Structure formats: structure tokens, C-alpha cells
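Take a look at the structure below.
Given below as C-alpha cells:
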């Protein structure tokens, strides 16, 4: 899952949400530099990724993507799923996507001393271009994936992932619809466990 899903799945717990958001930029023992609840958010992020990586529905999505995007199929799948969450956000939340995004940005900005260097670098661009809201449009997803393609060492093909999404839109939508409720249920269980 990508940024929107990780933020959303953290619920209303501010520190848990922050940890979930910054987790990809925290390596090894660096986790110990953070307050306990932020550490739990980092761990939750890793649990979400592990659950997603082995889920059979996600495997279907990645199998369809692999011929075009090879080792980046998982990255593309994560961004596609954020698109479907953004597009159908009102199905999952009483808050609008716009309000959720604005609150998320403000919350993250209130912790400048806890943001890793990598997050400090990209976060202003995220806010300026309102990535979370832009994910609701195929054009926004296309921009995000094109940007990712410029930062890969190898030819990823991700600059064409927006076209692939449009071409097989219904297949990806159906897979997201099957997968996401299971992920939500799993995360709810894990949040209870990591609190204890």
C-alpha cells in the first residue's frame, strides 16, 4: 500500500499515523530514536506491507503487471490501490478525502523534529501538489508513477502505468474491492495487539 492507505489505516491515533507514514525512511535501529507510539506505527506499517506482499489477491494484480513492469509490479500495484481508495474514499470514511488530506498534512507538519531527512525532502512537494487528493484521478496516479520512474536505477516502464490502469481498470478495481476489506480487518486486529 502507498501513502494514503498507510495514513488512513492508522485511524485517529496521531503518533501511530506519523510512524506509519515515515516508516519507509526509518532503517533498523533508527526505530529506537522515536517515541513508543511512533515506533508502533512504524511496526504497523511493516505489518501492513508484509500482509499485502503475500495476499493472493495482490498476487493476481502483480501477476498482471509483471510482464510490463517486472520487479516494479508491486510498486505499481501499491499506487493503483491508493487510487481506488482515494476514488472511493467516501465509502470508507465519513470525512471527505480533501479534509482527510488537509488534516494529515497539518499533522505531519506539526512534528518537524521527527521527520527523517528523506521525508523532509519530499513532503513539501507532497503538500504543494496535494498528492493524496490527486490520487483519486488517473492523471494523478500517472504523474506519481512517472515521477517514480525517473528515480529508478533500471528502466521500470512505470511512466506507462497510467495507460495500463486505464486499459484494465475494471480488473484492478475488482481486486482492490476484494482485498481492502481484508486488509482493514487485519489492521484493526494488529492495532489492538500492538497497544498491549
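In the UniProt record's numbering, the protein residues as written are 1 to 196.
Cβ coordinates follow ideal geometry from the N, Cα and C atoms, glycine included.
Here the structure is a predicted model, which is why all the values come from computation and not from measurement.
Asked: Runs of alpha helix (DSSP H) wholly within the segment 115–146 (minimum 4 residues, chain order); Found: 117–128 and 131–134
Asked: Residue-level contact to chain D via CB, residue 123, 8 Å cutoff; Found: Of the protein chains in this structure there is only one, and it is not chain D.
Asked: Distance between residue 36 and residue 120 (C-alpha atoms, nearest Å); Found: 21 Å
Asked: Segment contact flag, the segment 79–87 with the segment 2–20, C-beta cutoff 8 Å, min 3 pairs; Found: yes
Asked: Boundaries (first-last residue) of the alpha helix (DSSP H) holding residue 15; Found: 14–22
Asked: Buried or exposed by the 16-neighbour rule on C-beta atoms within 10 Å, applied to residue 29; Found: exposed
Asked: Top-ranked residue by Cα proximity to residue 76, from 45, 161, 48 and 111; Found: 161
Asked: Range covered by the alpha helix (DSSP H) that runs through residue 72; Found: Element bounds for residue 72: n/a, residue is neither H nor E.
Asked: Closest residue to residue 100 among 114, 85, 111 and 112 (Cα-Cα distance); Found: 85
Asked: At least 3 beta-carbon pairs within less than 8 Å: the segment 87–94 vs the segment 56–68; Found: no
Asked: Residue interval of the alpha helix (DSSP H) (run including residue 33); Found: No alpha helix (DSSP H) contains residue 33, which DSSP labels as neither H nor E.
Asked: Member of 158, 46 and 166 whose CA lies at the smallest distance from the CA of residue 137; Found: 166
Asked: Neighbourhood of residue 60 by C-beta, 7 Å cutoff - its chain only, sequence neighbours within 5 removed; Found: 175
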